[in-house]
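J.: Take any residue in the sequence shown, count from 1 to its spot, add 6: that is its number in the numbering used here.
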Amino acid sequence: MNYTQQQPSQVLGVLIEGGVVRTDFVPSDPSGKKFTLALTGISGEDISAVSELVFFLLPGVSLPQDHGAMLYWQIVSTPAANSMSSTPFSAAVTTTEFELVGAIANHKPSGVFRTGWATNETINAAVTSPSSTITINLGVSIEPMSSIQNMGMIQNKTTNAAKKIAMDLFNYMQSFDTGAGGGGNMVVPKNVFERWLSRFEAKARVDPNFFMKNSDES
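Following this line, the structure appears as structure tokens:
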């Protein structure tokens with residue numbers, strides 16, 4: 007990662023509620039800018055109860071100038087061996103794509119991020135099958151700040167949240183528009199705002215930051 011001399015071998019940490027601080031990220035490519043950490047042997051029920059995690063730089067450590075660290079997660083669901091005894095090929099290991107959690111940087115060396123695990127289909131399936139175990143693969147990529155900021159991961163939280171909420175409302179209203187208004191006007195039901203607010207509050211109870219992850223979702 008092009009750190010200066012005498013930097014500690016471990017530079018990143020992660021903490022999940024009820025667990026211990028983990029700093030044993032290992033390099034995953036020759037560039038020294040990608041790291042992984044596996045959280046193993048977790049039941050689906052336990053991991054689905056984790057709504058947030060803390061990602062941080064260790065004290066005394068800094069990232070390369072004008073760079074930040076982006077955190078991703080991936081789920082691997084493994085059925086227990088005895089659950090596959092009759093049809094060994096019907097209960098295969100399930101692996102999801104990596105999903106972005108958040109980012110930290112020298113000027114923001116730590117952050118608390120929503121996981122979204124409570125609503126993940128793979129985890130929910132593991133919850134209904136207590137014999138399955140979950141591995142959470144955490145991945146870190148050191149990227150230029152320009153790339154991180156372009157993705158909206160580190161910026162003014164208030165302004166960005168307002169934009170995301172406004173876009174969520176606009177997309178919801180647009181889903182009702184038949185185009186009958188013409189000339190760029192939008193025709194929607196009179197109670198559209200109340201309906202959107204009810205939907206918004208219901209989704210926020212499950213994941214308070216859902217609108218930050220996908221502003222195109224209706």
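Glycine included, each C-beta is placed from N, C-alpha and C at the ideal position.
Do three or more CB pairs link the stretch 105-113 to the stretch 27-44 at distances below 8 Å?
T.: Not touching, per the Cβ criterion.
J.: Determine the burial state of L69: buried for a count of at least 16 other Cβ atoms within 10 Å of its Cβ, exposed for fewer.
T.: Counting Cβ neighbours within 10 Å, L69 comes out buried, since at least 16 surround it.
J.: Could you name the residues that DSSP lists as bridge partners for L77?
T.: Note: L77 sits in a beta bridge opposite G108 and V146.
J.: Could you check what DSSP says for T134 in three-state terms: helix, strand or coil?
T.: DSSP places T134 in coil when its eight states are reduced to three.
J.: Helix, strand or coil: which one does DSSP assign to A98?
T.: Residue state, collapsed to three classes: coil.
J.: Using only the alpha-carbon positions, how far apart do N143 and M151 sit?
T.: Roughly 24 Å between the two C-alpha positions.
J.: In the structure shown, what three-state DSSP assignment does K196 receive?
T.: It is coil, neither helix nor strand.
J.: How would you label T184, buried or exposed, when you count the other beta carbons within 10 angstroms and need 16 or more for buried?
T.: Flag for T184 reads exposed.
J.: Keeping to the same chain, check which residues put their C-beta closer than 7 Å to that of F62; ignore five residues upstream and five downstream.
T.: So the list reads G19, I110, P115 and S116, once near-sequence residues are dropped.
J.: Check for me: the beta strand (DSSP E) holding R116 runs from which residue to which?
T.: Checking the sequence shown, residue 116 turns out to be Ser, not Arg. S116 to R120 is the span of the beta strand (DSSP E), which, as asked, contains S116.
J.: Would the beta-carbon of T121 fall within 8 Å of that of S57?
T.: Closer than 8 Å, so yes.
J.: G25: buried (16+ other C-beta within 10 angstroms of its C-beta) or exposed?
T.: Exposed, by the Cβ-count rule.
J.: Compare the beta carbon distance of I140 and I53 with 8 Å and say whether it is the shorter of the two.
T.: It is a contact, given that the beta carbons lie within the stated cut-off.
J.: Using the C-alpha atoms, what's the distance from V212 back to N200?
T.: The sequence given here has Glu at residue 200, not Asn. The straight-line gap from Cα to Cα measures roughly 19 Å.
J.: With DSSP as the reference, label V60 as helix, strand or coil.
T.: DSSP places V60 in strand when its eight states are reduced to three.
J.: Go to S68, then tell me how far its alpha helix (DSSP H) extends in each direction, as first and last residue.
T.: No alpha helix (DSSP H) contains S68, which DSSP labels as neither H nor E.
J.: Based on Cα-Cα distance, which residue from D35, P85 and T101 lies nearest to W79?
T.: Nearest C-alpha to W79: T101.
J.: Return the CA-CA distance between S92 and I81, expressed in angstroms with no decimal places.
T.: Residue placement at S92 is poorly supported in this model, since its pLDDT is 48, which falls under 50; the coordinates are not used for a value here.
J.: Would you give the residue range spanned by the alpha helix (DSSP H) that Q155 belongs to?
T.: M151 to N156 is the span of the alpha helix (DSSP H), which, as asked, contains Q155.
J.: Alpha carbon to alpha carbon, how far is S147 from L77?
T.: Rounded to whole angstroms, S147 to L77 spans 7 Å at the Cα level.
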